[in-house]
Amino acid sequence: MRSFTSFVIKEFHHIFRDRKTLIVLFGIPVVQILIFGYVITNNFKDIGIAVMDQSNDIHSKGIQSKVFSSGYFIYKGAIRSEKEIESKFQRGDIRAVLVFPSKFTSDIEGSGSSEIQIITDASDPNLANTVVNYLSGIVRQYQVQKLGNGLQKSMMVVETRMLFNESLKGAYMFVPGTMALILLLICALLTSISVAREKELGTMEVLLVSPLRPAQIILGKVMPYVGLGFINAIVILLMGTLVFQLPISGSLILLMAELLLYIVLSLSLGIFISTMAPNQQVAMFISLFALMLPAVLLSGFIYPIENMPLVLQWLSYIIPPRWFIIIVKDIMLKGNGLEYIWDETLILTGMTVIFIIASIRKFKIRLEG
Amino acid sequence: MQTNNTAIIEVENLVKRFGTFTANDNLTFKVYAGEIFGFLGANGAGKTTTIRILSGLSKPTEGIVKVVGFDAMKQSESIKKNIGYMSQRFSLYDDLTVIENIRLFGGIYGLSNKEIRNRSDELVKDLGIENLRKRLVGDIPLGWKQKLAFSIAIIHRPKLIFLDEPTGGVDPLTRRQFWELIYRVAKQGTTVFVTTHYMDEAEYCDRICVLADGQIKALGEPSNLKHEYQVTSIDELFYRIVKGEDRV
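These protein sequence lines are chains A and B, in that order.
Its first residue numbered 6, the first sequence is counted upward by one per residue in the working numbering.
Its first residue numbered 957, the second sequence is counted upward by one per residue in the working numbering.
Structural data, given as structure tokens:
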């Protein structure tokens, strides 16, 4: 036990001596959240929209007035026939067309359902997705106001991801994503570099010859980063709730438990990487290119997964942040309990077990060699 | 300097194979308490493999290996507690201070706080580096770093210390001073098992063992071996053995 304590103290020394890394570590999430929260959200305004209203009745007009008074969209004229749509898009002054079918109001009040079509310019899939989300949010609000909750399902069912983000805040999307990335960065990248450094300097040899057991060495490496990761996650959460009024609708304990699971997963990934990497450069290279890049691109954090080619969608299944982001959104925004996210949780747990087993096997082989 | 005939390392018919490659081919030797035992061999001769087995990092494929009274096959954890180890690569942490490094390894080897305090005072005084106590190891000169690494490697007073090419990349003067340190601990009863590429250093050893192709080619006191092979230096001896020439 004494050997282990000495070892952990040493790890903390390493971390606190390296001021630059610490500053970057705690600076990145703050800056990232602020940038995403303010800059990107504020950019979303005055989006040009054309309307093809085939019914011209109370509800179609009501929805339009709500859309164009939201501040996000600007009316760019009416469209009479479908042929006009394409040429209008090609001119580039609109991002979406809102299509109301004929007899819109009477259908809703009569049979209880009707459909609004949103056609977007998907050359910018990200923006297109945001437009769809915002528009459907507005339509839903309108529906609730005018027709009451009871009819909610009957009118139209759109993409549901922004459904619970009723005040339409962009920062909501970015807090879980930033958390997923930063934790992966701290836990996987830093742990793998820290282990690789010992190998590179030859100190790993000395530790292995010492009475410290391999499990103690790994545990000692990992423990400080669990702490750091947790603190960082809490900073991000606090920023989200205090600066951007992000709700935590679900159970805080469940959120913390999932956080811990994700941290342990990232750490086991870091350890796994370090069993493959002979030095710090390789560890960093693997972490950044095999881990961070896919995490940024394929997790749904920046580019919506639904808009990806099928192959990339499959690939996204093996990206841990993808599942973590879903979990965090579910708990924070929807207030869902474990019964809704047990499958994602199970996937993360499974990944953790796989990486830990793989690391132990690799580590043993290296020792035997 | 061979003080008595208690064997501290006993190796009998040690074989280590990696797949079809035989790294250690039937080694048999003993190292006696208190002696300085030089382990020589070209790169790839199997030195590192042997050291790894002796220090409990790796298990023999066949044969009996006993180190400080424990079986390397089953009791590697007990071996680890009783040996010291230092490699060419210094084994100290550059971003820790001198005193923090001492505390770390003292702690790892289970010394009490009081023992650590006493021994670190003694250690810095011995090396004459009281003024460097709070300096980061990365900032102190190479020669000092190496002596410090050695002193820390024996902080827990092991019966046996492994030095794996301890003097790689330092100037002749420092090497000389380093060997004085080695002599001192040997005199105090610690057995020293050292590998080196410098053949002049081999002359300082009580006994040497020359390894080639995973086999022991020569074993004995340097003066006897020189006589046996009719050579004037270990350097020449080593060259002949590695070239595969037989004794005259």
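Ideal Cβ placement from N, Cα and C applies to all residues, glycine included.
Here the structure is a predicted model, which is why all the values come from computation and not from measurement.
Check                                                                                                                                                                                                                   : Outcome
Can you give the Cα-Cα distance for Ala-262 of chain A and Ser-86 of chain A, rounded to whole angstroms?                                                                                                               : 54 Å
Report the three-state DSSP secondary structure of Gly-1002 of chain B (helix, strand or coil).                                                                                                                         : coil
If you run the structure through DSSP and keep just helix, strand and coil, what is Cys-192 of chain A?                                                                                                                 : helix
What's the gap between the Cα of Glu-164 of chain A and the Cα of Gly-76 of chain A?                                                                                                                                    : Interpretation of Glu-164 of chain A is limited by its pLDDT of 39, a score under 50 that renders its predicted location unreliable; no figure is taken from the coordinates.
Residues in its own chain within less than 6 Å of Ile-1020 of chain B by CB, not counting five upstream and five downstream?                                                                                            : Glu-968
I'd like the ranges of any beta strand (DSSP E) spanning at least 3 consecutive residues and lying wholly in the region 39-123 of chain A.                                                                              : 52-58, 78-83 and 101-105
Tell me where the alpha helix (DSSP H) around Ile-310 of chain A begins and ends.                                                                                                                                       : Looking at the DSSP string, Ile-310 of chain A is not in any alpha helix (DSSP H), and its letter there is neither H nor E.
What's the C-alpha gap between Cys-1161 of chain B and Ile-1190 of chain B?                                                                                                                                             : 11 Å
Please confirm whether Ile-1218 of chain B has its beta-carbon closer than 9 Å to some beta-carbon of chain A.                                                                                                          : The shown model of chain B, from 957 to 1204, leaves out residue 1218 of chain B, and the question about it has no answer.
With distance defined between alpha-carbon atoms, name the residue in A:Lys-25, A:Ile-14, A:Ile-124 and A:Val-56 nearest to Arg-1059 of chain B.                                                                        : A:Ile-14
Which residue from B:Gly-990, B:Ala-1168 and B:Val-1187 puts its Cα closest to that of Gly-1200 of chain B?                                                                                                             : B:Ala-1168
Can you tell me whether Glu-1033 of chain B is buried or exposed? The criterion is at least 16 other CB atoms within 10 Å of its CB, across all chains shown.                                                           : exposed
When you compare the region 206-217 of chain A with the region 1042-1057 of chain B, are there three or more beta-carbon pairs, one atom per stretch, that lie closer than 8 Å?                                         : yes
If the cut-off is 8 Å on Cβ atoms, which residues from the region 1027-1043 of chain B count as contacting chain A, listed in chain order?                                                                              : Glu-1033, Lys-1036, Lys-1037, Ile-1039, Tyr-1041, Met-1042 and Ser-1043
Compile a chain-ordered list of the residues in the region 184-217 of chain A whose CB is closer than 7 Å to at least one CB of chain B.                                                                                : Leu-206, Gly-207, Thr-208, Glu-210, Val-211, Leu-213, Val-214, Ser-215, Pro-216 and Leu-217
Take every Cβ of the region 247-266 of chain A, pair it with every Cβ of the region 336-347 of chain A, and state whether three or more of those distances are shorter than 8 Å.                                        : yes
May I ask you to report which of helix, strand or coil DSSP gives Arg-1089 of chain B?                                                                                                                                  : coil
From which residue to which residue does the alpha helix (DSSP H) around Gln-1133 of chain B run?                                                                                                                       : 1128-1143
Quick one: what's got a C-beta closer than 8 Å to Asn-341 of chain A's C-beta in the same chain, skipping five residues either side?                                                                                    : Gly-255 and Asp-335
Check this for me: beta carbons of Gly-1012 of chain B and Val-1023 of chain B, under 9 Å apart or not?                                                                                                                 : yes
Can you pull the chain B neighbours of Lys-15 of chain A, defined as C-beta to C-beta under 8 Å?                                                                                                                        : Tyr-1049, Leu-1052, Glu-1056 and Leu-1060
Please name the residue in A:Ile-310, A:Pro-325, A:Ser-141 and A:Met-281 whose C-alpha comes closest to that of Ile-296 of chain A.                                                                                     : With the sequence shown as reference, residue 296 of chain A is identified as Leu, and Ile is not the correct amino acid for it. Considering only alpha carbons, the answer is A:Pro-325.
Please identify the residue among B:Leu-1010, B:Thr-962, B:Gly-1002 and B:Ala-1001 whose C-alpha is closest to the C-alpha of Phe-1118 of chain B.                                                                      : B:Leu-1010
Helix, strand or coil: which one does DSSP assign to Ser-1014 of chain B?                                                                                                                                               : coil
Quick one: does Asp-23 of chain A have its CB under 9 Å from some CB of chain B?                                                                                                                                        : yes
Express the C-alpha separation of Gly-355 of chain A and Thr-1146 of chain B in angstroms, rounding to a whole number.                                                                                                  : 50 Å
When the cut-off is 9 Å and only beta carbons count, does Phe-290 of chain A lie next to chain B?                                                                                                                       : no
Within the 9 Å Cβ cut-off, does Gly-1000 of chain B reach chain A?                                                                                                                                                      : no
How far does the beta strand (DSSP E) with Arg-963 of chain B in it extend, from its first residue to its last?                                                                                                         : Correcting the residue identity first, residue 963 of chain B is Ala in this sequence and not Arg. Unbroken beta strand (DSSP E) run through Ala-963 of chain B: 963-974.
Determine the direct distance from the alpha carbon of Ile-1096 of chain B to that of Arg-24 of chain A, and round the result to whole angstroms.                                                                       : 21 Å
In this structure, how does DSSP classify Asp-1162 of chain B when only helix, strand and coil are distinguished?                                                                                                       : coil
Looking at the unbroken beta strand (DSSP E) that takes in Phe-294 of chain A, where does it start and where does it end?                                                                                               : Element bounds for Phe-294 of chain A: n/a, residue is neither H nor E.
Determine the burial state of Glu-171 of chain A: buried for a count of at least 16 other Cβ atoms within 10 Å of its Cβ, exposed for fewer.                                                                            : Residue placement at Glu-171 of chain A cannot be trusted, given a pLDDT of 39 that sits under 50; the coordinates are not used to answer.
Quick check on DSSP: helix, strand or coil for Asn-1180 of chain B?                                                                                                                                                     : helix
Listed from N- to C-terminal order along the chain, which residues in the region 999-1021 of chain B have their beta-carbon within a distance smaller than 8 Å of any beta-carbon of chain A?                           : Ser-1011, Gly-1012, Leu-1013, Ser-1014 and Lys-1015
Whether or not the region 291-310 of chain A and the region 187-199 of chain A are in contact is what I'm after, with contact meaning three or more pairs of Cβ atoms, one per stretch, closer than 8 Å; do they touch? : yes
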